[in-house]
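Asker: Here's a structure for you.
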Amino acid sequence: MYVFGRNNPYLREMDAFEKGQQALDAGLIVDAILYFEAAVQQNQESFEIHLDLATVYINEYMELEALEVLKQWIISYLDGDSIPLEFKTAPSSLIEDLTIRTQQVEELIQKVLSNTEAADEATLHNALSLVYNIKGDYNRAAEEVQLALVYSPKDYVLWNRLGATLANGKRAAEAIAAYREALNICPNYTRARCNLGIACIQLQNYKEAIEHFITALQLQQSYSSISSSTIWTPLRAAVVRSCLPCALDLLAAVNEQDLEKCIHLLN
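Encoded structure:
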């Protein structure tokens, strides 16, 4: 059973889901989780909220938490008689838990998808993509995101998720195309900008990666005065690997997290 964090400061927050999305876009993971937990408790039946909360956990390699969120949603989606007894019981170990829960959630989502009266196929394909991400089957996960995009071609979050899934499957060049599509739709999407920088590192395009990370930090700064290590850390990695004439000075500025100095050195 999924256990919500105690003393959530956002529990009574209005528009908790929207603020969670803003925090996630800005790379503020802890705030995003707390906002989404508050939103789930305010609206137990919304899969969109469950999906975003599960996605955050997957991005942070917290697969068991992600599965518990998906399980909680699928239980609310199905009537009680449709849920196997073993789905409601606790496995005996963490390894068994991850393996069994993943298979159970996959089978139940497939069961709902097979129902021709399923109201929202895009939502269900989204859910399956998360399950396949947890299983490490990134090609199938990408296929599910692409199926969801058929229904929502202008969903920049989906394009970013496709990019991240392709990148996990060592398909960085394809991932870059997906991230660019997300940014074409939403130019201020910080998370896609940061992910684009990471993909550029994978392709050894370090100067371009640095530029994307700097842009991401500028975007994040407009949302919050707190700079996230999720951007500074890969920026440092790109600077260390680069052959820029200003690399040593830039590295010092990055170590100090001095964004203005970084911008000045690159101009």
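In UniProt numbering, the protein residues as written are 1 to 267.
The C-beta atom is built at its ideal place from N, Cα and C for all residues, glycine as well.
Between THR102 and ILE75, which are expected to be in contact by the criterion C-beta below 8 Å, what is the C-beta distance as a whole number of angstroms?
Answerer: About 16 Å; that fails the 8 Å criterion.
Asker: Does the separation of the CB atoms of ILE109 and ALA127 fall below 8 Å?
Answerer: Result yes, Cβ atoms of ILE109 and ALA127 sit closer than 8 Å.
Asker: I'd like the list of long-range same chain contacts for ALA199, defined as Cβ closer than 6 Å, with 5 residues on each side in sequence excluded.
Answerer: Hits under 6 Å: ALA167, ALA172, ALA175, ILE176.
Asker: How many Å lie between TRP159 and LEU130 at the Cα?
Answerer: Those two C-alpha atoms are separated by around 14 Å.
Asker: What's the C-alpha gap between LEU196 and ALA148?
Answerer: Distance between the alpha carbons of LEU196 and ALA148: 21 Å.
Asker: With ASN195 as the anchor, note down where its alpha helix (DSSP H) starts and where it stops.
Answerer: Residues 190-202.
Asker: Roughly how many angstroms lie between the CA atoms of ALA252 and VAL112, to the nearest whole one?
Answerer: The straight-line gap from Cα to Cα measures roughly 54 Å.
Asker: Quick check on LYS261: does DSSP put it in helix, strand or coil?
Answerer: LYS261: helix per DSSP, three-state reduction.
Asker: Let me confirm a value: SER228 is counted as buried when at least 16 other C-beta atoms fall within 10 Å, else exposed. Which label applies?
Answerer: Counting Cβ neighbours within 10 Å, SER228 comes out buried, since at least 16 surround it.
Asker: I need the boundaries of the alpha helix (DSSP H) containing PHE17, first residue and last residue.
Answerer: 16-25 is the span of the alpha helix (DSSP H), which, as asked, contains PHE17.
Asker: Applying the criterion that 16 or more other CB atoms from any shown protein chain within 10 Å of the CB defines a buried residue, is PHE17 buried or exposed?
Answerer: Burial call: buried.
Asker: Pairing CB atoms from the segment 6-20 with CB atoms from the segment 34-42, are three or more of them under 8 Å?
Answerer: Segments in contact, yes.
Asker: In angstroms with no decimal places, state the Cα-to-Cα distance between ASN267 and LEU248.
Answerer: If you take the alpha carbons of ASN267 and LEU248, they lie about 15 Å apart.
Asker: In its own chain, which residues sit with a C-beta less than 7 Å from the C-beta of TYR151, not counting the 5 before and 5 after it?
Answerer: Result list for TYR151: GLU121, ALA122, in chain order.
Asker: Whole angstroms is fine: what's the gap from GLN41's alpha carbon to LEU11's?
Answerer: So the two alpha carbons sit approximately 8 Å from each other.
Asker: Just confirm the distance between the C-beta atoms of GLN220 and ALA26, as a whole number of angstroms; I'd bet it's less than 8 Å.
Answerer: With 8 Å as the limit, GLN220 and ALA26 qualify as a contact, their Cβ atoms being about 5 Å apart.
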